[in-house]
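Notes to accompany the following structure.
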Amino acid sequence: MKIVALAGGVGGAKLIFGLARASDTLDLTVIVNTGDDFDHLGMRICPDIDTICYTLAGLANPDTGWGRVDESWNFITELKAIGGEDWFRLGDKDLATHVERTKRLNEGQTLSKIIKDFCDLWNVKHLVLPMSDQEVATIVSTLEYGEIPFQDYFVKKKCEPTIKSFRFAGINNADPAPGVIDSIEQADAIVICPSNPWVSIDPIINIANILPSLRQKTIIAISPIVGGKSIKGPAAKMYSELGIQPSAFAIAKHYQNLIKAIVIDDQDISLKKDMTNLGIIPFNTNIVMKTPEDKINLGKDVLNYIDRIIR
4 MKIVALAGGV GGAKLIFGLA RASDTLDLTV IVNTGDDFDH LGMRICPDID TICYTLAGLA
64 NPDTGWGRVD ESWNFITELK AIGGEDWFRL GDKDLATHVE RTKRLNEGQT LSKIIKDFCD
124 LWNVKHLVLP MSDQEVATIV STLEYGEIPF QDYFVKKKCE PTIKSFRFAG INNADPAPGV
184 IDSIEQADAI VICPSNPWVS IDPIINIANI LPSLRQKTII AISPIVGGKS IKGPAAKMYS
244 ELGIQPSAFA IAKHYQNLIK AIVIDDQDIS LKKDMTNLGI IPFNTNIVMK TPEDKINLGK
304 DVLNYIDRII R
């Protein structure tokens, strides 16, 4: 089976881990959000891409879900000691990735080429693609600070500002990275990972030509909200501040004109009728991924649901 997953953040990486290990024969391509990429300390930082690649390579920190396993912090400790910015923590192993990527980008290499080289070196067996080789920046409009870059909102200010809206700077000049459209067209189905719809998935589907390609495919989404709360991250807070009751049903409505089915948690089973009324097939299982076994079991469930839909 050929699956394309749209992903961003730790929630997306958890499901990618599960899908990759759920089937030895799965042909998996991951299209990753780059809207939260930014320049910091003279380096190009790509948080979502690195999280997905580290996860597939078995290099990710299992406790945080981001960064490298067995990391050391000498660089950031010394930077803080001499008065530098330490709000975005960069481990020593992780730092090497950013330094080499920035060097290659400055030499004129594309982000997609650099990711391929890294994945080859890390023995990643599945294809990881950025949504675009052109820079796109998620800008968050807040009540307290006006417009601020996503990482300022997410990390520096710890998601505390009140959300008003989002925009994606540069998206009108961005094209899908090489292989993105072909992968979608050749896929048996598309999986929207339990990533934040506003800032992880919307940037991907708003890249030129991606949405029309997706509309031709069978798409299943996994809710990042369980029992009205985000499994991880600020998705539920964002929905509330935008005047929408946070729930798995709100996720279904967000993707209403795109998805065929949605996977929700067992505790949200009471919402299934409302989702059916939207014309969306609801499946329920445990979607809270606390252990590697949880991730693999959800990956298997998602593949089984896709098989049922296709058949």
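Residue numbers (our numbering): 4 to 314. C-beta atoms are modelled at their ideal positions from N, C-alpha and C, and glycine is treated no differently. Predicted model, so just to flag it, every value in this text is computed and none were measured.
Item                                                                                                                               : Value
Span of the alpha helix (DSSP H) around LEU59                                                                                      : 50-60
Of the listed residues TYR148, ILE34, GLY14, SER168, nearest to LYS160 (C-alpha basis)                                             : TYR148
Residues that DSSP places opposite MET46 in a beta bridge                                                                          : HIS43
Beta bridge counterpart(s) of GLU150 as assigned by DSSP                                                                           : SER144
Whole-angstrom distance between ALA190 and LYS17, CA atom to CA atom                                                               : 21 angstroms
CA nearest to the CA of THR294, picked from GLY14, LEU9, ALA8                                                                      : GLY14
Which listed residue (GLY87, ILE284, ASP30) has its alpha carbon closest to that of LEU44                                          : GLY87
Segment contact, 8 angstroms Cβ cut-off, at least three pairs: the stretch 85-101 with the stretch 31-49                           : yes
Proximity to ILE174 [Cα-Cα], best of LEU146, LEU62, ILE210, PRO197                                                                 : ILE210
Contact under 9 angstroms by Cβ, SER226 with PRO206                                                                                : no
For ILE166, the residue or residues it bridges with in DSSP                                                                        : THR145
Coil, strand or helix - ALA211 by DSSP                                                                                             : coil
Those residues which DSSP pairs with MET25 across a bridge                                                                         : In the sequence as presented, Met is not what sits at residue 25; that position holds Ala. Partner(s): none; ALA25 has no beta bridge.
Neighbour-count burial assignment, ASN36, 16 or more Cβ in a 10 Å radius                                                           : buried
Run of the beta strand (DSSP E) containing PHE286, from where it starts to where it stops                                          : 284-288
Contacting residues, own chain, Cβ-Cβ under 8 angstroms from TRP76 (five flanking each side not counted)                           : ARG92, GLY94, ASP95
Nearest-angstrom Cα separation, counted from LEU301 out to HIS129                                                                  : 18 angstroms
Cross-strand partners of ARG71 (DSSP beta bridge)                                                                                  : ALA63
DSSP bridge partner residues for PRO133 (one or two, in chain order)                                                               : VAL35
For LYS232, the three-state DSSP class (helix, strand or coil)                                                                     : strand
Exposure of ALA239, with buried meaning 16 or more beta-carbon neighbours within 10 Å                                              : buried
Three-state secondary structure assigned by DSSP to PRO179                                                                         : strand
Counterpart residues of ASP30 in DSSP-defined beta bridges                                                                         : LYS5
Assigned secondary structure, VAL291 (DSSP; H/G/I helix, E/B strand, else coil)                                                    : coil
Backbone secondary structure at ALA251 - three-state DSSP                                                                          : helix
Candidates ILE208, GLN154, LEU274, ILE247: closest to ALA177 by CA position                                                        : ILE208
ASP269 - containing beta strand (DSSP E), residue span                                                                             : Careful: ASP269 lies outside any beta strand (DSSP E) and carries neither H nor E.
Buried/exposed call for THR67, threshold 16 Cβ in 10 Å                                                                             : exposed
Inter-residue spacing [alpha-carbon to alpha-carbon] between SER250 and LEU274                                                     : 9 angstroms
N-terminal and C-terminal residue of the alpha helix (DSSP H) that ILE79 is part of                                                : 77-84
Cut-off 6 angstroms between Cβ atoms - residues of its own chain near ILE213, not counting five sequence neighbours on either side : PRO179
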